[in-house]
Every structure is written in structure tokens, then in C-alpha cells.
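Working notes, structure below.
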Amino acid sequence: MKPYRIPQKENIDLDTFQEPNDSFAGYTYADYLKWDFEEIVELIKGKVFKKAAAPSRKHQEVSLNLSRILGNFLLGQKCKVYAAPFDVRFSRNSEDRKVDSVVQPDISVICDPSKLDDKGCIGAPDLIMEILSPGNSRVELQNKYELYEEFGVREYWVIYPIECSLLIYSLINGKYQPSRLFTSGQKVKSFVLSGFELDLEEVFSED
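Numbering (our numbering), first residue to last: 77 to 283.
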């Protein structure tokens, strides 16, 4: 296997970036690999999105709890769990210059080992969890929802750490169907991960 080499980084000011338009299709993963931003950025349909500022303490606690619970459940199984920062590339073509969407979900579960390489994941994870922060924009969230639906992320969990609540989008016939809103103290199940049941009290606990 040819070794993966990190390309030379370019120090670029995010504010000077050109937006995709009729004459410019947008950026690709090949561009993304060269960038050196102070901020963490994601690429959705060729457009650059700056991630929210440093996550809150509550965000990090929820992320750590979810990673631990999922990691314990998946121990010895084929499916693997990865926490951000972890690049997930969405494209029908794996060539870096063809990939125009690269995101860093808070939690990704991948059950197909062929989708994993040294750079992260190429293709849709089976399950994605996003832990919302005050800095998440409506445009960013809508674009991610559409991206995950288009590429077939089978389950998309949206977690509200301040409200201690959870909404699950399940992919049915190519379209997301939302669950009811779950709150702390309730238990939820995943149809993607057979046998997995999550106690939300444990997720939102600060102990």
C-alpha cells in the first residue's frame, strides 16, 4: 500500500475564501488537506464552514460519555466508534480532488471496515451523532442533514446537551423520519446497532 503523506500546509485567512458560484464549483478534499486554519473547518458541497468555537464543558462531557458507552458496547464487534476530530468524506468518487464534502461529526460509528483508511472514513457511517453547540448555524445544520440523508447515513442522532434531550432521524426509503423527542431519564434504542440501548441519564450525567 502506498503510504499516506501529509501535504504541505498553506496558511490561509478564512475570510478571504471565495464562495462557490457559477464560475467556481467549490473546494475539494485536495484543497482541504493543504489548509492551515486556526479554526476547525468542514467542507459541505464545496463550501467552507467554520466549526463552532471550542466546545463547552457540557458538550465534552456528553461526547466522552457517548464514546465510552458505545466503545464498551462495540468491544470485539465489527463496528467501530470514532470521536471528533475524525474526517468523514462524502463522495461517489474517492479521489481527493473529486470529494467536495468533508465533515467531522462528534461521534461516528462505521460497520464496514472497507470504508476506513488512514485519513478517516470515505462514505457514509452507519450512525452519526452530533452534539449541538450555540455556535452551530441553521445553514450548517440543514446542509449536514441533507448531506447525511443523500449519502445514506442510516441513523442520525441530534443531541441537545443544555436541554438534555435527543432526536433520532432514521433513514426509511431514502428519507429521514424523526423520532419523538427523548429526554434525560428515558432509554432509547438504535435499529442500526442491534441490542444497543442508551440510558440518557448516563449520557447527561456529570458524575
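We put the CB at the ideal spot given by N, CA and C, even for glycine.
Checklist line | Option in LEU142, VAL138, GLU115 and LYS110 with minimal Cα separation from GLU273 | finding: Residue LEU142 is the option with its Cα nearest to GLU273.
Note to self: Tell me whether the stretch 168-176 and the stretch 237-252 touch, counting them as touching only if at least three CB pairs, one residue from each stretch, are closer than 8 Å.
What the structure shows: The stretch 168-176 vs the stretch 237-252: no contact.
Next item on the list: For ASP163, name the three-state secondary structure that DSSP assigns.
Entry: coil
Note to self: Just to check my reading of the structure: VAL117 and LEU203 have Cβ atoms closer than 8 Å, yes? What is that Cβ distance to the nearest angstrom?
What the structure shows: About 24 Å separates the two Cβ atoms, so there is no contact after all.
Item checked: Exposure of LYS154, with buried meaning 16 or more beta-carbon neighbours within 10 Å -> Counting the other CB atoms within 10 Å of its CB gives LYS154 a total below 16, which places it among the exposed residues.
Note to self: Spatial neighbours of ILE207 within its chain, please: C-beta separation below 7 Å, excluding the five flanking residues on both sides.
What the structure shows: HIS135, VAL138, SER139, ASP182, ILE235 and PRO237
Item checked: TYR232 beta carbon near the ligand NAP (any heavy atom closer than 6 Å) -> With respect to the ligand NAP, the structure shown offers nothing to examine, as it has no ligands at all.
Notebook entry, point to check: Where does the unbroken beta strand (DSSP E) through PHE280 begin, and where does it stop?
Noted result: Taken as a continuous stretch (DSSP letters only), PHE280 belongs to no beta strand (DSSP E), being part of the alpha helix (DSSP H) at 276-280.
Notebook entry, point to check: Any idea what DSSP makes of TYR252, helix, strand or coil?
Noted result: strand
Notebook entry, point to check: Do LYS121 and SER177 have their CB atoms nearer than 7 Å?
Noted result: yes
Next item on the list: Give the range of the alpha helix (DSSP H) segment to which TYR221 is assigned.
Entry: 214-227 is the span of the alpha helix (DSSP H), which, as asked, contains TYR221.
Next item on the list: Kindly indicate the opening and closing residues of the alpha helix (DSSP H) around GLY147.
Entry: 133-150
Check: Between ILE198 and ARG173, is the Cβ-Cβ spacing less than 7 Å?
Finding: no
Next item on the list: On the DSSP bridge assignment, give the partners of LEU242 in chain order.
Entry: ILE235 and PHE258
Margin query: Please classify ARG81 as buried or exposed, where buried requires at least 16 neighbouring CB atoms within 10 angstroms.
Written below: With a pLDDT of only 38 at ARG81, under the threshold of 50, the placement of this residue in the model should not be trusted; the figure read from the coordinates follows. When all chains shown are included, ARG81 counts as exposed.
Note to self: Can you list, in chain order, the residues of its chain with a C-beta nearer than 7 Å to that of PHE258? Leave out the 5 residues immediately preceding and following it.
What the structure shows: SER241, LEU242, VAL264 and LEU276
Next item on the list: In angstroms with no decimal places, state the Cα-to-Cα distance between ALA101 and GLY147.
Entry: Computed Cα separation, rounded: 39 Å.
Item checked: Extent of the continuous alpha helix (DSSP H) to which ALA200 belongs -> From DSSP, ALA200 is part of no alpha helix (DSSP H); its letter is neither H nor E.
Next item on the list: Along the beta strand (DSSP E) that carries ILE186, what are the first and last residues, could you check?
Entry: First-last of the beta strand (DSSP E) with ILE186: 183-186.
Margin query: Taking the beta carbon of LEU217 as the centre, do at least 16 other beta carbons fall within 10 Å, making it buried, or is it exposed?
Written below: exposed
Next item on the list: Specify the secondary structure class of SER177 as computed by DSSP and reduced to three states.
Entry: strand
Notebook entry, point to check: In terms of residue numbering, what span does the beta strand (DSSP E) encompassing ILE120 cover?
Noted result: 117-120
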